[in-house]
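**Student:** Input: one structure, supplied below.
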Amino acid sequence: MPLLVMTLVINNVSKHVPWIIRPVAEKITDGVKAGFVRPRMKEHMLYLEQYLGEHDYFAGAFSFADIQMAFPLIAIQKRLDGKYPNIQAFVQRVQQRSAFQRAEQKSLHSQCA
Numbered sequence: 359m360p361l362l363v364m365t366l367v368i369n370n371v372s373k374h375v376p377w378i379i380r381p382v383a384e385k386i387t388d389g390v391k392a393g394f395v396r397p398r399m400k401e402h403m404l405y406l407e408q409y410l411g412e413h414d415y416f417a418g419a420f421s422f423a424d425i426q427m428a429f430p431l432i433a434i435q436k437r438l439d440g441k442y443p444n445i446q447a448f449v450q451r452v453q454q455r456s457a458f459q460r461a462e463q464k465s466l467h468s469q470c471a
């Protein structure tokens, strides 16, 4: 999801500019988010919601496409505020898979080491 990456970059712009131009940078980034990122993000989320209402997974049977889509959807899930039930159901299906749980445990162990 390139829009999530764009949001991450935009959110960090004002942290990396001199303090004197920070208010201007924040105005610009707020405008980009309001005029470009948020409307397109909503379009994308509505499309995913509709698609996942008709399909359990993105490419037929569970595949790498689902793994790749799961991570950004998990990351954004906290901001969904109960909206997009099909996306939330997809995330739950992926997280309930034993292979996903094992991979998550390995990831946690490697972070602690």
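Letter by letter, the sequence shown follows residues 359 to 471 in my numbering. Idealized CB from N, CA, C, for every residue including glycine.
How would you write the range of the alpha helix (DSSP H) that P355 sits in, first residue to last?
**Tutor:** Outside the displayed range of the chain (359 to 471) lies residue 355, so it cannot be described from this structure.
**Student:** So K464 is in the alpha helix (DSSP H); what residue range does that whole segment cover?
**Tutor:** Taking the sequence shown and counting its residues from 1, the one referred to as residue 464 is at position 106. Segment 456-470, the alpha helix (DSSP H) holding K464.
**Student:** I need the straight-line Cα distance from H413 to R455, nearest angstrom please.
**Tutor:** Residue 413 sits at position 55 when you count from the first residue of the sequence shown. Residue 455 sits at position 97 when you count from the first residue of the sequence shown. If I take the Cα positions, the gap works out to 17 Å.
**Student:** Could you give the distance in angstroms between the alpha-carbon of A433 and the alpha-carbon of L361?
**Tutor:** For this step, residue 433 is matched to residue 75 along the sequence shown. For this step, residue 361 is matched to residue 3 along the sequence shown. Spanning the two alpha carbons is a distance of roughly 13 Å.
**Student:** Please go through the same chain and pick out, in chain order, the residues whose beta-carbon is closer than 6 Å to the beta-carbon of I379, but skip the five residues on each side of it.
**Tutor:** For the purposes of this step, residue 379 is identified with residue 21 of the sequence shown, where counting begins at 1. Cβ neighbours of I379 beyond the five flanking positions: none.
**Student:** Report the rounded CA-to-CA distance for V395 versus W377, giving the unit in angstroms.
**Tutor:** For the purposes of this step, residue 395 is taken as residue 37 along the sequence shown, with counting starting at 1. For the purposes of this step, residue 377 is taken as residue 19 along the sequence shown, with counting starting at 1. Going by the C-alpha atoms only, they are around 25 Å apart.
**Student:** Cα separation between F416 and G393?
**Tutor:** By 1-based counting over the sequence shown, the position of residue 416 is 58. By 1-based counting over the sequence shown, the position of residue 393 is 35. In this structure, the alpha-carbon of F416 lies about 29 Å from that of G393.
**Student:** For A383, which residues in the same chain have their Cβ closer than 7 Å to its Cβ, ignoring the five residues on either side in sequence?
**Tutor:** Taking the sequence shown and counting its residues from 1, one reaches residue 383 at position 25. Only V371, S372, V375 meet the Cβ criterion.
**Student:** By how many angstroms is the C-alpha of L406 removed from the C-alpha of L466?
**Tutor:** The residue given as residue 466 occupies position 108 in the sequence shown. The residue given as residue 406 occupies position 48 in the sequence shown. Going by the C-alpha atoms only, they are around 29 Å apart.
**Student:** Comparing C-alpha positions only, which one of Q408, F420, H402 sits nearest to P430?
**Tutor:** Counting from one through the sequence shown, the residue named residue 430 turns up at place 72. Selected option, being the one with the closest Cα: H402.
**Student:** What does the Cβ neighbour count give for L410, buried or exposed, with the cut at 16 atoms within 10 Å?
**Tutor:** Translated into positions along the sequence shown, residue 410 becomes position 52. Result: buried.
**Student:** Rounded to a whole number of angstroms, what is the C-alpha to C-alpha distance between V367 and V390?
**Tutor:** Here residue 367 refers to the residue found at position 9 when the sequence shown is read from its first residue. Here residue 390 refers to the residue found at position 32 when the sequence shown is read from its first residue. Near 12 Å, if we compare the C-alpha coordinates of V390 and V367.
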